Amino acid sequence: MKGQAEEPVPGDERLAAMVQLVQQTFPDGGRSDEGGLRRLQQRMWRARRRRRLAAGTLGLLVAAAPLALVLFLRPAPLTFEVIHGAVGAAGEVRPSEPGTRIRFSDGTEIVLEGAARAQVRDVAAHGAGIVLVDGRAHTSFVPKPKARWQVLAGPYVVRVTGTVFDVAWSRDHQQLDVWLKKGSVVVTGPLVEGGVGVGRDQHLSLRPTDHRIVLENGAAPPAQSPGPEGQAAPAVPPAAPASERTADHALEHAAAPRAPEASWQRRLAAGDFDAVIAGAERRGVRDVLARGSRNDLAALADAARYTRRAELARRVLLAERTRFPDSTEAREAGYFLGVLAEDEGAWREALTWYARYRREDPAGTYAAPALGRTLVLEARRQGNDAACADAQEYLRRFSTGPYAPAARQICHATGDVSQPQP
Amino acid sequence: MKRTKVAPPENALSPIAYLPTAALPDADDEALVRGLRGGDPRSTREAWYRFGPTVRRLLLRALGPVAELEDLSQEVFITFFDRVRTLRDPRTVTAFIMSITAFKIRHHLRWRWVRRWIVPSGPTPPRDLRTVQSDSDSREALKRFFAALDRLGALDRTAFTLRFVEELELQQVADALGWSTATTKRRLNRSWKRLSALVRDDAALEPFLSDRGHGPEGTA
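Residue numbers (our numbering), protein chains in the order written: chain A, 1054 to 1475; chain B, -2 to 217.
Next up, the structure:
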């Protein structure tokens, strides 16, 4: 045994004897065996798997953190309650007594008049869709950034920002009436595929069955829901030519100066169409067409269309197609150019633009109206036989769309009884 | 013993793969470490057979025949296989695994000390010493001696075992514990004196020590 310490003390021999006892009792550690090796290898395998699992879990957590943050920060969907009524599983509102109200958590309120029926759908963080099945409703939408509200009445879509208006849809007479009290809306649908802007204190009445469009100033909503003949709007001769649609159009806009930094998109959303056009004129329309941003061009095109400045709208739409040929706006500009051409009676040109739009964007936003307008124009120009193929395609793709009755009529007239049923 | 160098295969597999391959009994420590670093499963097996007895002997002498012996032994090897890549000089592999074992002993002693405070029932009782020692006086002496060792701190006890029971050189003990030579010498001296006093004062050791000719002080 080696020297224990530098200074041996009494009892060293006794301790040395104890150390010797330990050495004798445990002379070696015994032989390693195969079983021990196998257990060691299994343990190492488990340890490695645990490490990998922990690393994977950590990686997953790190990767998921931004997503969780986004989900956490994402605003919650709006909620709504129905007063004097009940709401079904699909969002349909069942009035229990007169004065049924749909009140949303952001303050937006829809009041259903009389026996009006509605449905709430696609409730999101910044808006929802109100389907006016039949009857009249008084609406008050709270203006908010990113607000996306829509009122759907039959085949019509009323796009809303911050607005107070009354809307009525007669399912029996296929008539839409919109009375604006505040703000602005854009209505799209049959006869107004490109959209028509309705400003403050204006009344828009649409009846596609007899091609009637009325846009008038200062008409207050009637106390009762308008009938097909007894509405407050003045009678307009049926099937008025498209070029006469703007006869009574006189948008009224506030003369107050706008902040120069307000974007055209924002002004457009606020219904200030004239301000957009005035801004473009101040800057120089030619300069805007040559150097304006894509958003500015889109806003100017919309403002020009909504205020029926067809020539300006055409120039802007063509500039969009030239300068941003791969953009959605450029493709949609093709459709709007078709609408403008059709409004001016240039049917062949309109058909060319519709065909181009359908080719460029077969599943685009305006695919259905482009095809619908095509079949109507073809039938007018060359008869039902020429429109039959388009009518069949329309029924196959959009069997419940606004042009479905016209398509069925064409198919029926040509003796094609095999058209798809809605 | 003659040892030959064996290079690891080029397509070396994971060291945890269990394959019935031949060991490398003739490979020297350098070749063995190279094989371990290259992931040669034969090197894993050879390391287990070559260093296993040393590791277990050191654990036994430091802790006695405790129930956790096999677990501790395997933990030493798991750490060894994990860290063998950090070994700078492959010729010092034996000292390397001894230092890992010393670390595990310290860790186990500290964990046992903590458990004694947390769990009222105290530490796991040692295995029956009859399997390792047939003489009853010697068995009792061993129990008393391990009880005395328990009164040392984890570091001092480990140092004592390495130096006086395992008979490592002073420098090897210092390296294994990460101490300076002076500190190692000082602490060993202190441990020796303390254990000497404990053994001297323990009357229960008399039967065993008297048999060995180490009766009460002054009587030998």
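All C-beta atoms in this analysis are idealised placements derived from N, C-alpha and C, irrespective of residue type, glycine included.
Values in this document were obtained by computation on a predicted structure and should not be read as measured data.
- [ ] Return the chain-ordered list of same chain residues with a C-beta closer than 7 Å to the C-beta of G1324/A, the five sequence neighbours on each side being excluded.
- [x] G1236, S1237, G1250 and G1252
Task: Boundaries of the beta strand (DSSP E) in which H104/B is found, first to last residue - done: No beta strand (DSSP E) holds H104/B; the alpha helix (DSSP H) holding it covers V90 to I115.
Open item on the list: Can you tell me whether T1375/A is helix, strand or coil according to DSSP?
Closed with: helix
Open item on the list: Can you confirm whether L10/B, when its beta carbon is compared against all beta carbons of chain A, has any partner nearer than 9 Å?
Closed with: The pLDDT assigned to L10/B is 45, lower than 50, so where the model puts this residue is not dependable; a value taken from the coordinates is nonetheless given after this. Not an interface residue.
TODO: Flag G1082/A as yes if its beta-carbon sits less than 9 Å from any beta-carbon of chain B, otherwise no.
DONE: yes
Open item on the list: Could you tell me the alpha carbon to alpha carbon distance between R80/B and F93/B, rounded to whole angstroms?
Closed with: 10 Å
Task: Outcome for E1246/A when other beta-carbon atoms lying within 10 angstroms are tallied against a minimum of 16 - done: E1246/A is buried by the Cβ-count criterion.
Task: With 16 other Cβ atoms within 10 Å as the buried cut-off, status of H1465/A - done: That one is exposed.
Task: G1280/A to R1260/A span [Cα, whole Å] - done: At G1280/A, the pLDDT of 42 sits below 50, so the modelled position is not reliable and the matter cannot be decided from this model.
Task: Cβ of G1160/A within 9 Å of any chain B Cβ - done: Judged by the 9 Å Cβ criterion, G1160/A is not in contact with chain B.
Open item on the list: Which of the three DSSP states is assigned to G61/B in this structure?
Closed with: coil
Task: Neighbour list for T51/B in chain A, Cβ cutoff strictly below 7 Å - done: G1082
Open item on the list: Quick check: the Cα distance between E1373/A and V1210/A, rounded to an integer number of angstroms?
Closed with: For E1373/A and V1210/A, the gap between their C-alpha atoms comes out near 25 Å.
Task: Residue of V1164/A, R1224/A, K1197/A and P1196/A minimising C-alpha distance to I1183/A - done: V1164/A
Open item on the list: Any beta carbon of chain B sitting closer than 9 Å to that of L1106/A?
Closed with: no
- [ ] Taking all protein chains shown into account, decide if W1406/A is buried (16 or more other Cβ within 10 angstroms of its Cβ) or exposed.
- [x] buried
Open item on the list: I'd like the span of the beta strand (DSSP E) that includes T1241/A, first residue to last.
Closed with: Boundaries of the beta strand (DSSP E) around T1241/A: V1238 to G1242.
Open item on the list: If we define contact as Cβ-Cβ less than 9 Å, is E67/B a contact residue for chain A?
Closed with: Cβ-Cβ to chain A under 9 Å: yes for E67/B.
Open item on the list: If the cut-off is 7 Å on Cβ atoms, which residues from the region 83 to 94 of chain B count as contacting chain A, listed in chain order?
Closed with: none
TODO: Decide if the region 1370 to 1384 of chain A is in contact with the region 1261 to 1271 of chain A; the criterion is three or more beta carbon pairs, one per stretch, under 8 Å apart.
DONE: no
Open item on the list: Taking a contact to mean a Cβ-Cβ separation below 9 Å, would you say R107/B touches A145/B in this structure?
Closed with: no
Open item on the list: Looking at the strands, I want to know which residues DSSP matches up with K1235/A.
Closed with: V1217/A
- [ ] Thinking L1185/A and V1220/A are a contact (beta carbons under 8 Å), I'd like their distance in whole angstroms, please.
- [x] 6 Å
TODO: Please classify P1455/A: is it buried, with 16 or more other beta-carbons within 10 angstroms of its beta-carbon, or exposed?
DONE: buried
Task: Contact set between the region 149 to 179 of chain B and chain A, restricted to residues whose Cβ is under 7 Å from the partner - done: F161, V162 and E164
Task: Integer-rounded CB distance, given that A1423/A should sit under 8 Å from Y1487/A - done: Outside the modelled stretch of chain A, which goes from 1054 to 1475, sits residue 1487/A, for which no answer is possible.
- [ ] Measure from the C-beta of R39/B to each C-beta in chain A and report whether the shortest distance is under 9 Å.
- [x] Not an interface residue.
Task: Members of the region 1163 to 1181 of chain A that neighbour chain B once the beta carbon cut-off is set at 7 Å - done: none
- [ ] Check A1439/A in the structure and name its three-state DSSP category.
- [x] helix
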